[in-house]
Amino acid sequence: MGANRPDIILKDFRQKSCPLINMIISIDMNVSVKTYQKLNKYKDLEIEISKTWNLKTEITPVVIGAKGMIAKGTDCCLSQIQENLNMEEIQKIVLIGTAHILRKILSM
Numbered sequence: 001m002g003a004n005r006p007d008i009i010l011k012d013f014r015q016k017s018c019p020l021i022n023m024i025i026s027i028d029m030n031v032s033v034k035t036y037q038k039l040n041k042y043k044d045l046e047i048e049i050s051k052t053w054n055l056k057t058e059i060t061p062v063v064i065g066a067k068g069m070i071a072k073g074t075d076c077c078l079s080q081i082q083e084n085l086n087m088e089e090i091q092k093i094v095l096i097g098t099a100h101i102l103r104k105i106l107s108m
């Protein structure tokens, strides 16, 4: 098995579900490529967890570009996990982080 550690695992034994959430920040050009890569990377882990724990698993890659670009359908995937997640706030956090990195590099 190639991948064995997603960023967040939410086990809900009442609803018999276990979403696997992976957060990725990449350059804006690679947002859709990274989404596809993460879905493939964690497919074996998804199958293994569903067999072992007898839970319905689903991989949710949250891919955001360094300038705030998101993959198509990312906001829908996040709303399935929790309804009050605000994509604009997540994009704002990513942009602030990118600005912080740029300031740090340019001040050297």
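So for the sequence shown, the numbering used here puts the first residue at 1; every next one is plus one.
Beta carbons: idealized from backbone N, C-alpha and C, even for Gly.
Computed from a predicted model, the values in this text were never measured in an experiment.
Could you check how far apart the C-beta atoms of T60 and I49 are, in whole angstroms? I think they sit under 8 Å.
14 Å between Cβ atoms; not a contact.
If you count every other CB in all the chains shown that lies within 10 Å of the CB of Y42, and 16 or more means buried, which is it?
So Y42 ends up on the buried side.
Distance check for M108 and E46, CA to CA, integer angstroms please.
The straight-line gap from Cα to Cα measures roughly 43 Å.
Can you look up I93 in the DSSP assignment and give me helix, strand or coil?
I93: helix per DSSP, three-state reduction.
Does DSSP put L106 in a helix, in a strand, or in coil?
It is helical.
My guess is that D28 and G65 are in contact by the Cβ rule of under 8 Å, so how many angstroms apart are they, rounded?
Contact flag correct, Cβ pair sits at about 3 Å.
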